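Trainee: Have a look at the structure that comes next, please.
Residue numbers (the working numbering): 4 to 75.
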């Protein structure tokens, strides 16, 4: 059986949308709420090894723009 692990914030609209997407397709999922359990350094390293740092950054997101990083 396919199992998906979602790392996100329980109150996040994007996280809720992802949960809904998988539940509608009857795919078993596990939510890791990053406010409750932040990523361990090893988990973060595995993410970066699998995906590039550039692909993990939302350059058009509100947080990115509000932090003043858009002009860099």
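The beta carbon of each residue, even a glycine, is placed where N, CA and C say it ideally should be.
In this text, all values refer to a predicted model and were calculated from it rather than measured experimentally.
Which of the three DSSP states is assigned to residue 36 in this structure?
Mentor: If DSSP states are grouped into helix, strand and coil, residue 36 belongs with the strands.
Trainee: In this structure, does DSSP put residue 31 in helix, strand or coil?
Mentor: Strand.
Trainee: With H, G and I counted as helix, E and B as strand and the rest as coil, what does DSSP make of residue 11?
Mentor: Reduced to three states, the DSSP call for residue 11 is strand.
Trainee: In this structure, how does DSSP classify residue 53 when only helix, strand and coil are distinguished?
Mentor: In this structure, residue 53 counts as helix in the three-state DSSP scheme.
Trainee: Is the beta carbon of residue 10 sitting closer than 9 Å to the one on residue 42?
Mentor: Yes.
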